[in-house]
Amino acid sequence: MLSLKENQKIWQNWSGIVQSKPSHIVYPTSVEDVVSLVKRCNKEGRKIRVVGSGHSFTPVVHTNDVLVSLDQLAGVEKVDQTTHTVGVWAGTKLSDLSAALHEQGWAQENLGDIDKQSIAGAISTGTHGTGSKLGSISTQAVEIQIVTSFGEVLTCNDENHPDLFKALQVSLGMLGIIVKVTLRVIPATVLTYESKRLSLDECFNQLAEFRDHYRNFEFYWFPHTDTIQAKLMNVATNQVPGNRFWRDLNQMIMENALFGALSRVCRTFPSLSKSISRLSAKFVDTGKDIGYTHQLFTTSRLVRFNEMEYSVPSELMETVVREIHRLVEKNNYQVHFPIECRYVKDDDIWLSPANGRDSAYIAIHMYKGMEHEKYFADVEAIFRRYNGRPHWGKLHTLQADHVNALYPKIEDFKKFRQQLDPNGMFLNDHLKRLFVNELQTDRNEGNYGQRYSDECENGAEVI
1 MLSLKENQKI WQNWSGIVQS KPSHIVYPTS VEDVVSLVKR CNKEGRKIRV VGSGHSFTPV
61 VHTNDVLVSL DQLAGVEKVD QTTHTVGVWA GTKLSDLSAA LHEQGWAQEN LGDIDKQSIA
121 GAISTGTHGT GSKLGSISTQ AVEIQIVTSF GEVLTCNDEN HPDLFKALQV SLGMLGIIVK
181 VTLRVIPATV LTYESKRLSL DECFNQLAEF RDHYRNFEFY WFPHTDTIQA KLMNVATNQV
241 PGNRFWRDLN QMIMENALFG ALSRVCRTFP SLSKSISRLS AKFVDTGKDI GYTHQLFTTS
301 RLVRFNEMEY SVPSELMETV VREIHRLVEK NNYQVHFPIE CRYVKDDDIW LSPANGRDSA
361 YIAIHMYKGM EHEKYFADVE AIFRRYNGRP HWGKLHTLQA DHVNALYPKI EDFKKFRQQL
421 DPNGMFLNDH LKRLFVNELQ TDRNEGNYGQ RYSDECENGA EVI
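Quick note on numbering: the sequence shown equals residues 1 to 463 in the UniProt record's numbering.
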């Protein structure tokens, strides 16, 4: 049985906006370990939250009790050549999954632009890439195995517990601890990539063409300018990727070292944000590339930031972006991070932001340590006017009544949550506020404008 050793470390998420001091941090190495841990916590009345890589900006894993990391419950099985599926242990990082699949000649059909998350975390929060005919990473899951609050191991798919499977595909860890997933995969695929610098009007005049005729399309609008960067990808024909060393080095220098230096300038002198956004727009990469899917989808993100992202109906992409453009011009926010715009195909997952509708995802960012509260609040108001649904891992201010109005299957989800975890072992105050109609929060949690943290001991080590 895993021992519950007292923790002396402060846990924080990737951007540092969420901090807590769990009483215990546990690293199970097997399903049996997870079962043993859950049974013990159930008996002792403890709370559990599970962390992947800490890439959520909300306090979704915030806990003062037991924090479980599945980093040691990781690994990728051999791809089933008949069903085109692969078993993946929950703690496996997306980057490791891509490498393991590539060695076998396979790939995930789509990824986001960061691959440091665990597969369980990516599925649980509805992480996505872009492509109007492609769903989120959750839609790639064909089977999910969990350990419930009673220590029961359940395996769910379209045939076995099909309704629970739909609830599990995006569940924020509220239904149990995901220990293994089976993913649908595709043969390794080579893509062509092109980056274009366009004006907003040029982009919107071609928006339908870009969206419908490219496998993957996204664009970035630079605040305080009329400039966007469009990224376009399609399946390559009889082309083989070359050595990527120099392109990866250039990306590391331009998108991390240089942009990081400029970001630090903006944090010290916020009034320069507009000028630096305009400078960045002038140096938009307009090159072409060829690579395997995982090479082109993801980039190294060393410049840390805080982020809000909402999905709106796909047909409202231009309407919402233009309204944000007018808002930025009017209020002159001190922001230099570009606004990221992507597409995701509709799905039938109960808590998915793309449930029942093809979706446009629009994300705003602010460099770590810079004031973001007013900017995020004003843009969120626009998202909300257009029936927006938040990415569960990104900052937002939803309450339970908002969630109830946005998700048609929310009551069915709540019934499963109550059945599988009647004592709320897998809940924290953030999740109660969203899903249990408990609108009060404890003294350490607030809205996205505040740091979610405990009163931690001075000098405690941060992990």
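Quick reminder that beta carbons are idealized off the backbone N, C-alpha and C, glycines included.
These numbers come from a predicted model, not from an experiment.
Exercise. Select from Val79, Asp80, Gln19 and Leu191 the residue whose C-alpha is nearest the C-alpha of Val51.
Key: In the sequence shown, counting from the first residue as 1, residue 51 sits at position 51. Here the closest residue by C-alpha is Gln19.
Quiz item: Closest to Leu168 by CA distance: which of Leu351, Asn332, Met254 and Phe305 is it?
Solution: Residue numbering aside, residue 168 sits at position 168 when the sequence shown is read from its first letter. That would be Leu351, whose Cα lies nearest to the Cα of Leu168.
Quiz item: Can you tell me whether Met254 is buried or exposed, with buried defined as 16 or more other CB within 10 angstroms of its CB?
Solution: Position 254 of the sequence shown, counted from the start, is the residue given in the question as residue 254. Under this definition Met254 is an exposed residue.
Quiz item: Out of Thr148, Gln206, Thr92 and Leu232, which has the shortest C-alpha to C-alpha gap to Val181?
Solution: Taking the first residue of the sequence shown as 1, we reach residue 181 at position 181. Distances from the CA of Val181 to each of Thr148, Gln206, Thr92 and Leu232 were compared; the closest alpha carbon is that of Thr92.
Quiz item: Gly260 by DSSP, collapsed to three states: which one?
Solution: For the purposes of this step, residue 260 is taken as residue 260 along the sequence shown, with counting starting at 1. Here Gly260 sits in helix by DSSP.
Self-check item: At least three beta-carbon pairs within less than 8 angstroms, the region 81-98 to the region 108-123
Solution: yes
Self-check item: Three CB pairs or more closer than 8 angstroms across the region 71-88 and the region 190-203
Solution: Taking 8 angstroms as the limit for Cβ pairs, the verdict is that the region 190-203 does not touch the region 71-88.
Quiz item: Do you know how far the Cα of His391 is from the Cα of Leu431?
Solution: Position 431 of the sequence shown, counted from the start, is the residue given in the question as residue 431. Position 391 of the sequence shown, counted from the start, is the residue given in the question as residue 391. Rounded to the nearest angstrom, the two C-alpha atoms are 14 angstroms apart.
Self-check item: Rounded C-alpha distance that separates Gln12 from Lys394
Solution: If you number the sequence shown from 1, residue 12 lands on position 12. If you number the sequence shown from 1, residue 394 lands on position 394. About 15 angstroms.
Practice problem: Assuming Ile362 contacts Tyr310 (C-beta within less than 8 angstroms), just tell me the rounded distance between them. | Solution: Start at 1 with the first residue of the sequence shown, and residue 362 comes out as number 362. Start at 1 with the first residue of the sequence shown, and residue 310 comes out as number 310. Indeed, because the Cβ distance is near 6 angstroms, the residues count as touching under 8 angstroms.
Exercise. Could you work out which residue in His365, Asn64, Gly242 and Arg322 is closest to Ser263 when comparing CA atoms only?
Key: Here residue 263 is taken as the residue at index 263 of the sequence shown, counted from 1. Selected option, being the one with the closest Cα: His365.
Quiz item: So, are the CB atoms of Ser95 and Asp65 less than 7 angstroms apart?
Solution: Indexing the sequence shown from 1 puts residue 95 at position 95. Indexing the sequence shown from 1 puts residue 65 at position 65. In this structure, Asp65 does not lie closer than 7 angstroms to Ser95 by Cβ.
Exercise. Over the uninterrupted beta strand (DSSP E) stretch that includes Asn404, give me the two end residues.
Key: If you number the sequence shown from 1, residue 404 lands on position 404. Counting along the chain, Asn404 falls outside any beta strand (DSSP E), though it belongs to the alpha helix (DSSP H) covering Ala400 to Leu406.
Quiz item: What are the boundary residues of the alpha helix (DSSP H) that Asn205 is part of?
Solution: Working through the sequence shown from its first residue, we reach residue 205 at position 205. Leu200 to Asn205 is the extent of the alpha helix (DSSP H) around Asn205.
Quiz prompt | Reduced DSSP category for Gln108 - H, G, I as helix; E, B as strand; rest coil | solution = Locating residue 108 in the sequence shown gives position 108, counting from the first residue. The three-state secondary structure of Gln108, taken from DSSP, is coil.
Exercise. Throw me the rounded Cβ distance for the Arg215 and Met233 pair, which I believe falls under 8 angstroms.
Key: Locating residue 215 in the sequence shown gives position 215, counting from the first residue. Locating residue 233 in the sequence shown gives position 233, counting from the first residue. Contact holds; Cβ gap of about 6 angstroms.
Quiz item: Would DSSP call Ile10 helix, strand or coil?
Solution: Here the question's residue 10 lines up with position 10 in the sequence shown. If DSSP states are grouped into helix, strand and coil, Ile10 belongs with the strands.
Quiz item: Between Ser453 and Pro22, what straight-line distance do the alpha-carbon atoms span, to the nearest angstrom?
Solution: For this step, residue 453 is matched to residue 453 along the sequence shown. For this step, residue 22 is matched to residue 22 along the sequence shown. Reliability fails at Ser453, whose pLDDT of 45 lies under 50, so the model's placement of it is uncertain and the value that follows must be treated cautiously. The C-alpha of Pro22 is placed about 11 angstroms away from the C-alpha of Ser453.
Self-check item: Member of Ser277, Cys341, Asp289 and Phe204 whose CA lies at the smallest distance from the CA of Gln334
Solution: Counting from one through the sequence shown, the residue named residue 334 turns up at place 334. Of the candidates Ser277, Cys341, Asp289 and Phe204, Ser277 places its Cα closest to the Cα of Gln334.
Quiz item: Could you give the residue range of the beta strand (DSSP E) that holds Gln229?
Solution: By 1-based counting over the sequence shown, the position of residue 229 is 229. That run of the beta strand (DSSP E) goes Thr227 to Val235.
Practice problem: Look at the Cβ atom of Leu67, then the Cβ atom of Ile25, and state whether they are nearer than 7 angstroms. | Solution: Counting from one through the sequence shown, the residue named residue 67 turns up at place 67. Counting from one through the sequence shown, the residue named residue 25 turns up at place 25. Going by C-beta atoms, Leu67 is nearer than 7 angstroms to Ile25.
Quiz prompt | Leu439, buried or exposed, once every other Cβ within 10 Å from all chains shown has been counted against 16 | solution = For this step, residue 439 is matched to residue 439 along the sequence shown. Any answer about Leu439 is weak, because its pLDDT of 44 lies below 50 and its placement is not dependable; what the coordinates show is given next. By the neighbour-count rule (16 or more Cβ atoms within 10 Å), Leu439 is not buried but exposed.
Quiz item: Are the beta-carbon atoms of Met370 and Ile48 separated by less than 7 angstroms?
Solution: Numbered from 1 along the sequence shown, position 370 holds the residue referred to as residue 370. Numbered from 1 along the sequence shown, position 48 holds the residue referred to as residue 48. Contact flag unset, no.
Quiz prompt | Bridge partner(s) assigned by DSSP for His24 | solution = To locate residue 24, count along the sequence shown from 1; it is residue 24. Bridge partners of His24: Glu6 and Val66.
Quiz item: Is there contact here, the region 97-105 with the region 315-326, by at least three beta-carbon pairs under 8 angstroms?
Solution: no
Quiz item: Which of the three DSSP states, helix, strand or coil, is assigned to Pro313?
Solution: Your numbering for residue 313 matches position 313 in the sequence shown. Note: Pro313 maps to strand in three-state DSSP.
Quiz item: Of the choices Glu202, Arg244 and His224, whose alpha-carbon is the least far from that of Leu327?
Solution: Start at 1 with the first residue of the sequence shown, and residue 327 comes out as number 327. When only C-alpha atoms are compared, the closest one is His224.
Self-check item: Contact under 7 angstroms by Cβ, Glu143 with Arg342
Solution: Along the sequence shown, read from residue 1 onward, the residue named residue 143 stands at position 143. Along the sequence shown, read from residue 1 onward, the residue named residue 342 stands at position 342. The answer is no: Cβ separation not under 7 angstroms.
Quiz item: Among Leu4, Pro28 and Val436, which has the Cα closest to the Cα of Glu44?
Solution: In the sequence shown, residue 44 corresponds to position 44, counting from 1. Answer by Cα proximity: Leu4.
Quiz item: Do you know offhand how far Lys274's Cα is from Tyr367's?
Solution: Residue mapping note: residue 274 aligns to position 274 of the sequence shown, counting from 1. Residue mapping note: residue 367 aligns to position 367 of the sequence shown, counting from 1. The C-alpha of Lys274 lies about 14 angstroms from the C-alpha of Tyr367.
Self-check item: Arg244 versus Asp285: straight-line alpha-carbon distance, rounded
Solution: Mapped onto the sequence shown, residue 244 falls at position 244. Mapped onto the sequence shown, residue 285 falls at position 285. Looking at the two C-alpha atoms, the distance is approximately 16 angstroms.
Quiz item: Would Phe150 pass as a contact of Cys156 if the rule is Cβ separation under 7 angstroms?
Solution: The residue given as residue 150 occupies position 150 in the sequence shown. The residue given as residue 156 occupies position 156 in the sequence shown. For Phe150 and Cys156, no; Cβs fall outside 7 angstroms.
Quiz item: Using the beta-carbon count (16 or more within 10 Å), is Glu307 buried or exposed?
Solution: Within the sequence shown, the letter at position 307 stands for residue 307. Classification of Glu307: buried, given that the 10 Å Cβ count is 16 or more.
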